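Single-structure report; data block below.
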Amino acid sequence: MQILLSLVNLNKDYEDGKIVVHALKDINMEVEKGEFTAIAGPSGSGKSTLLNLIGCLDKPSSGKVFISGIDTSTYSKKELANIRREKIGFVFQSFNLIPILTAFENVAFPLSLLGQNGDLIERKVKSILGDVGLDGLENRYPRELSGGQQQRVAIARSLVKEPSIILADEPTANLDSATGAEILNLMKVLNEQKEATFIFSTHDPAVMDRAKRVVYLHDGQISSDEKR
Amino acid sequence: MGFIMRFAFKNIWRYKRRTIITFTAISIGIVAFIFMDSLLKGIHYESLRNFIDYESSHLKIYNKEFYKEMSDDGFLPLDKAIDNYESVENLIQSDDILVTPRINFRSQIVNEATSDERPFTIVGIDPDKDRKVYKLPDVIMSGRFLKSGERGVLIGRISAEKLETKLGDTLTILTRTKNDTYQTISVDVVGIIDPPNPDINKTFAYIPLDIAYSDLDMMGSVTEIGIRIKNGNESKILNRLDGILKANNLSQLEVVSWKELGKDWLTLSKTKIAGSYIMILVVFIISAVGVINTMLMSVFERIREIGMMRALGMRDTEVIWSFFFEGASIGFLGGLIGIFIGLLLNLYLIYHGLDLSYTGDVDISYRVMNIVRGVWDVGAIVFAFVFSVIIPALISIYPSRKAIKMEITQALKTA
């Protein structure tokens, strides 16, 4: 299988006043195309920090992050922005949709950043909104959508540019359990149908159960890595 | 970039009330600027017109000593005049100018009926020649213009009111002749003029030149020659006349332009205009503060959203451009509204004007007291519009730069 993501001896330290906090310690891990991986662990275990490094939102203190074979740890801010723009999709815990844009426009946003033309954008956005079950809601603003619908828009936004990896930071944490389960089902269906590679963080056992692989973090280190 | 611009334009409607307040602030600044600029320029141009038409003409020739040797009691030295006016007129006469002789002298005018007495500058004028250089006949309010040889006087409306005189009244002019002897001249009021130049309206009176010649012992001498340029370049004509005077051994005479004659009040007028522009600047600054406030709020309220957009791959420069265009859009629309209202007000100012006649008794240091009309100054309007677009655009750079300095991970954590 094709290896999309490779983390080599990854460390991340923060300075908290005079104290150095080792948020991640010697993380080594590979993710193949089409995986549906959960990063699990208690609060403060380093899940979000790890996702931030994979998502090129932050730089490691040491070690390397390879995305599709490219070492991103040496990239400039602009190059990292380009990697995020082309290769990474994000789903946030609190949806983070742009309130002045409709569902359609929110999903089109990453394609507009890529400079794609209007017709292509329209085709792709309509198709992905159909895939996430939002047919007919294209022109609604985020405030006119339920939490579950908003997260569907966010998932559509992360998928529309067909990125190498979709990173989801606690994607169901702000949803009730039934809606959370729906969203997780949707992610799984998209993972299977489109071979989209999902890496998501969670501390919810019900969510972990749906993952094909669960990487447990404890105090910034991988304590176990289970493939199911 | 087109996408960023469209996105920025959508963003200005995010907080409609705040945007409308900002539009209003910008519009008020622009309207104030257009209105004040038009009015001040209108006042200035009208002042210049009134100065030239009623006071200075384009050029004047007089004896260099005339205004230097004013006596302690305010009388002008009539012996320091232009002797043999006819020959000087013959020397300088040409097709591109109109020339008129005047005798300027200081006096007290006494209203015989009331015994009221006021200081005046009296000007002896040649009725036929003077009307071609100055515009006194255009402002006759009652009565008629002077005729040569008559013992008549033209007096301003305001001075007539102060002297409590009317048409047909007899006034006595108390003055000194060229030979420094006291003289009284009795004249009847034949016309009351209402010139828009407050100085002329308040303190000047006019008698026929031939009466001044005889009663002031000035036969053939005048104190000044007023010159209106029909066509041609003012400074070239001034140099030519200067050359003629020097070539004819008349170097005691000098040619002076209206700019030199009005130097004092022009400086004062410019200072006042500059002061008024400072007031406009204050209005502009208040508008700018409103815009700064809006842009700061709109950036800092969207830190998390900016973080999300950067996470999706929006480059830092694109974030800055987005806010730059947002500021520019607010400025553009606010400026457009301001220009629209400003132009409407200016139309009123140009076609209807602002009546400043109530200032007659008040010295506003401009040569106006009539209806002042605004002027079109496309340059100033374009400047105001460009200013209204550029300032908010530039102001928006600062907070957006601060926002992109924040780490994306930090920005995403903000509430």
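Chains as they are written, first to last, in this note's numbering: chain A, 4 to 231; chain B, 10 to 424.
The beta carbon of each residue, even a glycine, is placed where N, CA and C say it ideally should be.
From a predicted model like this one, the values you see are computed outputs, not experimental measurements.
| Check | Outcome |
| --- | --- |
| Report the three-state DSSP secondary structure of L254(B) (helix, strand or coil). | helix |
| Would you call G229(B) buried or exposed, if buried means 16 or more other Cβ atoms sit within 10 Å of its Cβ? | exposed |
| For Q196(A), does the three-state DSSP call read helix, strand or coil? | helix |
| The beta strand (DSSP E) with L183(B) in it runs from where to where? | T179 to R185 |
| Verify the CB distance criterion: does P113(A) have a CB-CB separation below 7 Å to chain B? | yes |
| Residues bridged to L262(B) by DSSP? | N72(B) |
| Assuming L117(A) contacts K164(A) (C-beta within less than 8 Å), just tell me the rounded distance between them. | 6 Å |
| For L358(B), collect the residues of the same chain with a Cβ closer than 6 Å to its Cβ; drop the 5 residues on either side in sequence, then sort them by chain order. | S47 and G383 |
| Verify the CB distance criterion: does N99(A) have a CB-CB separation below 7 Å to chain B? | yes |
| Which residues of chain B have a Cβ atom closer than 9 Å to the Cβ of I103(A), listed in chain order? | F16, K19, N20, W22 and R23 |
| Using a Cβ cut-off of 9 Å, pull out every chain B residue sitting near D61(A), in sequence order please. | E416, I417 and T418 |
| Could you pull the start and end residues of the beta strand (DSSP E) that S321(B) belongs to? | The identity of residue 321(B) in the sequence shown is Leu, whereas the question assumes Ser. Taken as a continuous stretch (DSSP letters only), L321(B) belongs to no beta strand (DSSP E), as it is neither H nor E. |
| Which residue from D179(A), E229(A), R160(A) and I186(A) puts its Cα closest to that of M317(B)? | R160(A) |
| Please determine if the region 343-352 of chain B and the region 393-410 of chain B are in contact, where contact requires at least 3 C-beta pairs separated by less than 8 Å. | yes |
| For Q153(A), does the count of other Cβ atoms within 10 angstroms reach 16, so buried, or fall short, so exposed? | buried |
| Using a Cβ-Cβ distance under 7 Å, would R88(A) count as near chain B? | yes |
| Taking K15(A) as the reference, give the member of D61(A), I158(A) and I101(A) with the closest Cα. | D61(A) |
| Could you spell out the range, first to last residue, of the alpha helix (DSSP H) harbouring K412(B)? | The sequence shown places Ala at residue 412(B), not Lys. Per DSSP, A412(B) belongs to the alpha helix (DSSP H) from V387 to K414. |
| Report all residues from its chain with a CB closer than 7 Å to the CB of V308(B); omit the five preceding and five following residues, and keep chain order. | F332, P408, S409 and A412 |
| With a threshold of 7 Å on Cβ separation, who are the neighbours of P136(B) within its own chain once the five nearest residues in sequence on each side are excluded? | F154, L155, K156, S157 and P217 |
| Going along the chain, which residues of its own chain have a beta-carbon closer than 7 Å to the beta-carbon of I169(A), five neighbours each way excluded? | G92, V94, S161, L162, A199, T200 and F201 |
| How should M378(B) be labelled, buried or exposed, when 16 other C-beta atoms within 10 angstroms of its C-beta is the threshold for buried? | buried |
| Grouping DSSP H, G and I as helix and E and B as strand, with all else coil, what is Q96(A)? | coil |
| Note down the Cα distance separating V34(A) from G322(B), rounded to an integer number of angstroms. | 22 Å |
| My guess is that I164(B) and T179(B) are in contact by the Cβ rule of under 8 Å, so how many angstroms apart are they, rounded? | Between T179(B) and I164(B) the Cβ distance is about 12 Å, and since that is not below 8 Å, they are no contact. |
| For S116(B), collect the residues of the same chain with a Cβ closer than 7 Å to its Cβ; drop the 5 residues on either side in sequence, then sort them by chain order. | F129, I131, I182, L183 and T184 |
| Give the straight-line distance between the Cα atoms of I30(B) and E18(A), rounded to the nearest whole angstrom. | 44 Å |
| I'd like the span of the alpha helix (DSSP H) that includes R213(A), first residue to last. | P208 to R213 |
| Check whether chain A comes within 7 Å of G322(B), counting only Cβ atoms and requiring the distance to be less than that. | yes |
| In the region 35-58 of chain A, which residues sit with their C-beta less than 9 Å from some C-beta in chain B, listed in chain order? | S51, T52, N55 and G58 |
| Mind checking if M317(B) is an interface residue toward chain A, Cβ cutoff 7 Å exclusive? | yes |
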